[in-house]
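Start counting the sequence shown at 381; every next residue gets the next number (my numbering).
Just so it is clear, CB atoms sit at the ideal spot from N, CA and C, and this is done for glycine as well.
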Amino acid sequence: MRLRLFLPLMFAVAGVAGGCKEKRDDESGRVQLRSGLPRLQAKLAERAPVVVAFLGGSITENAGEGGFLTGVADWFASRGIPVRIVNAGLSATDSKFGALRLQRDVLVHRPDVVFVEFAVNDNARDSRGDMEKIVRDIRKETPAPDVVFLYAMTDRTWRAGNEASRKFIAAHEKVANRYGVPTVHLGATASARLKSRKWKWRDFSRDTCHPTPAGYATYHADMVDAMDRLIKARAKVVGIPANPHFYRRADVEPNGVQSRKAGMPWPGVTWIESPQATTDLGEWELLFRRSDEPVSSLRPARWFPEAEGFTGSSSRLLFETEGKPVLRSVPSRSKGGDSTTNVLESPVVVWTVRKGGFFDLELSLERFDGHKQSPEARAALEFVRLESDGSRGEIIASLPTDRNTLRARQSVNLQSGERLAAFLVSDGYEFLSAVGLEWSIVRSDSDF
């Protein structure tokens with residue numbers, strides 16, 4: 381009897397002291413090895429210092445203390461390998477902006493492996509082109525870093541393998557399969573606790589996806605386990621196909637004419653910090669003007685993190701709210717801070733053509749919000765050619781406040797370097813907002 385009591389107790393104590401692993405939910409392939417980590421395996425064989433970078437949204441940005449970033453750091457520390465962790469997480473950003481800032485925030489550090497976490501913020505959209513660009517740009521480096529996709533959990537996707545989960549990561553998985561990118565479903569430990577009802581969702585997260593400290597601790601355990609699996613897998617170097625498969629591909633219309641499309645960047649999400657943003661077709665720029673100055677007197681807008689948008693002299697002129705971009709003309713303020721309602725500051729969105737040709741402008745606006753100073757007040761969002769001196773030229777299209785349907789499509793022939801601008805113009809308004817602007821530019825000829 382004494383032996384029967386002693387042995388279980390001895391094993392229980394030994395299990396705690398030795399860090400006995402908690403049961404994990406390992407259904408549906410939580411870790412997909414694919415081509416493995418050839419670069420990292422070579423560095424470990426040399427016992428050389430390693431640089432590990434993480435690119436993602438807020439889940440990555442806040443994962444340093446006890447989360448999956450710490451899990452990777454602890455994994456290397458337990459093996460005596462010096463490691464430097466680069467946290468390039470940026471809240472409220474998706475893979476589109478991640479592709480734009482990859483060089484600046486990640487590749488400049490010459491990482492040996494890059495973990496990419498954008499599934500939550502991509503939110504089941506078709507992000508294949510953006511994720512492919514990230515993978516291709518990483519593998520163009522010499523030597524090429526390894527790349528791994530991380531899939532964080534949400535309240536709809538924590539059951540790995542269910543329909544919601546598959547749809548959530550479908551675009552990322554297509555890129556991973558084509559390029560042999562390993563993937564890790566974070567959440568094995570937390571899923572097991574949720575399924576066994578040891579946890580309720582609020583134990584893992586107080587919203588739909590951002591982990592609590594206890595939730596991040598489960599991500600830490602999942603990451604250590606994933607590193608064990610990834611580093612033991614047979615690895616191979618995967619080359620880059622000559623041509624991308626998902627991005628910069630012409631869409632062939634029924635008449636055989638090819639087209640390419642570029643949309644206005646999303647303020648506060650894919651367009652932050654700099655008032656310029658570059659695409660394949662041209663460059664976007666955000667300027668502003670005062671109503672008491674010549675139209676040609678355009679000044680660069682400024683990014684204010686505190687205001688989560690671009691400003692002129694003081695107030696926000698372009699920002700994102702409730703998933704919609706908002707352009708706003710606001711009263712200019714004097715140095716003393718007094719409102720001067722007869723002088724407005726207004727945003728001017730400018731697009732400069734990279735290579736001339738035929739283009740279609742696709743324009744839509746959800747609504748105008750504003751305060752009229754008189755019943756006769758009029759306003760519009762006008763799309764015009766900018767003259768070389770910055771003054772307004774030909775009006776290409778106009779979305780006025782008195783139109784029932786705020787949509788327009790206009791074909792235009794543009795020369796290289798020519799500029800189009802969206803002006804928020806008003807007469808008799810104290811302030812005016814254009815909510816939900818979508819401005820896309822489609823290259824409609826086949827001469828790329």
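| Asked | Found |
| --- | --- |
| Residues bridged to T659 (per DSSP) | Answer is none; T659 lacks a bridge partner. |
| Cross-strand partners of P680 (DSSP beta bridge) | L667 |
| Of the residues R614, S676 and L435, the one placed nearest A532, counting alpha carbons only | L435 |
| Expected contact under 8 angstroms - CB spacing of F529 and V493 to nearest Å | Going by Cβ atoms, the distance from F529 to V493 rounds to 12 angstroms, so no, they are not a contact pair. |
| Nonlocal neighbours in the same chain, by C-beta distance under 8 angstroms from T534, ignoring five residues either side | V500, F548, T588 and C589 |
| Contacting residues, own chain, Cβ-Cβ under 6 angstroms from F477 (five flanking each side not counted) | T650 |
| Nearest-angstrom Cβ-Cβ length linking G773 and H600, presumed shorter than 8 angstroms | No, G773 and H600 are not in contact; Cβ-Cβ is about 58 angstroms, not under 8 angstroms. |
| Where N467 sits in the DSSP three-state scheme | strand |
| Per-residue burial, Q795 [other beta carbons within 10 Å of its own, 16 or more giving buried] | exposed |
| Status (buried if at least 16 other CB within 10 Å, exposed otherwise) for S806 | buried |
| Presumed contact (8 angstroms Cβ cut-off) between A443 and G469, rounded CB distance | 7 angstroms |
| Sufficient close CB pairs (3 or more, under 8 angstroms) joining the region 688-699 to the region 761-771 | no |
| Rounded separation between V618 and G560 - CA only | 7 angstroms |
| Cβ shell of K520 (< 7 angstroms), same chain only, five flanking positions each side left out | I620 |
| Contacting residues, own chain, Cβ-Cβ under 6 angstroms from F626 (five flanking each side not counted) | R508, G509 and E512 |
| Outcome for K423 when other beta-carbon atoms lying within 10 angstroms are tallied against a minimum of 16 | buried |
| A570 versus G595 - alpha carbon distance | 7 angstroms |
| Helix, strand or coil at D740 according to DSSP, with G and I counted as helix | strand |
| Inter-residue CB distance, E725 and V710 (contact presumed, cutoff 8 angstroms) | 6 angstroms |
| Presumed contact (8 angstroms Cβ cut-off) between V729 and A802, rounded CB distance | 4 angstroms |
| Cβ shell of D526 (< 6 angstroms), same chain only, five flanking positions each side left out | L417, R419, L420 and V493 |
| R558 - DSSP class collapsed to helix/strand/coil | helix |
| Test item: CB-CB of A757 and S778 under 8 angstroms | no |
| Q753 in three-state terms, based on DSSP | coil |
| Residue nearest to G460 in terms of C-alpha spacing, selected from L449, P429, A472 and S475 | P429 |
| For F477, three-class secondary structure by DSSP | helix |
| Spatial distance of L610 from A597 (CA atoms) | 20 angstroms |
| Opening and closing residue of the alpha helix (DSSP H) in which I439 lies | S438 to E441 |
| Close Cβ partners of R490 (< 7 angstroms) along its chain, the five nearest in sequence each way excluded | V431 |
| Simplified DSSP state of A504, which is helix, strand or coil | coil |
| Continuous alpha helix (DSSP H) stretch holding R419: start and end | P418 to E426 |
| Among D602, S585 and S771, nearest to R679 - alpha-carbon criterion | S771 |
| Spatially closest choice to A681 from F456, R789 and E653, by CA coordinates | E653 |
| Any non-hydrogen atom of the ligand FMN within 7 angstroms of S438 CB | The model depicted lacks the ligand FMN and carries no ligand whatsoever. |
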